[in-house]
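Down below is the structure, laid out as structure tokens.
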Amino acid sequence: MEKKFTTANFETEVLKADKPVLVDFYADWCGPCKMMAPTIEKLAEELADLAVIGKLNVDENGEIAAQYGIMSIPTLVVFKGGHPVKKAIGVQSKEVVEQMIREA
């Protein structure tokens with residue numbers, strides 16, 4: 466199941482995670498973000514052993530989005546060891562996102 470990341474839990478859930486973390490930076494009003502949602506949900510189930518997968522609402526957690534220079538959404542960022550290691554902007558295929566996670 467996908468996680469919900471917030472300013473309050475970002476450090477614990479993302480930066481201090483012991484496996485790669487995929488963060489989907491999104492907003493509720495964003496059409497392409499809605500297109501991405503089923504892919505994120507599916508990967509969260511399929512890759513639960515390999516990575517932590519979740520979403521961060523940029524409207525509710527703007528300071529985190531700003532900290533990582535998120536200008537367009539959806540933006541997918543894979544964090545490993547507390548640092549962003551892979552990034553993709555816009556709607557991506559399930560295969561592309563899965564590869565990002567596996568390569569991290």
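Its first residue numbered 466, the sequence shown is counted upward by one per residue in this note's numbering. Heads up, the beta-carbon is just placed ideally off N, CA and C, and yes, glycines get one too. Keep in mind the model is a prediction, meaning the values are calculated, not measured.
Going by the beta-carbon positions, is the gap between residue i and residue j smaller than 9 Å?
i      : j      : result
Leu508 : Glu563 : yes
Lys468 : Lys520 : yes
Ile518 : Leu487 : yes
Asp524 : Ala492 : yes
Phe490 : Val561 : no
Out of curiosity, what's the CA-to-CA distance linking residue i and residue j?
i      : j      : result
Met501 : Leu480 : 23 Å
Ile505 : Met565 : 13 Å
Lys484 : Pro503 : 22 Å
Thr471 : Gln532 : 13 Å
Gly496 : Glu511 : 24 Å
Ile538 : Asn522 : 10 Å
Pro549 : Ile529 : 13 Å
Ile554 : Gly527 : 17 Å
Phe544 : Ser558 : 19 Å
Gly546 : Lys499 : 28 Å
Looking only at DSSP bridge pairs, what is residue i linked to?
i      : result
Asp489 : Lys520 and Leu541
Lys468 : Gly519
Pro549 : Phe544
Where does residue i fall in DSSP's three states?
i      : result
Lys484 : coil
Ile554 : strand
Met536 : coil
Cys498 : helix
Leu508 : helix
For a cutoff of 9 Å on Cβ pairs, would you count residue i as touching chain B?
i      : result
Gly519 : Chain labels in this structure do not include chain B; a single protein chain is all it has.
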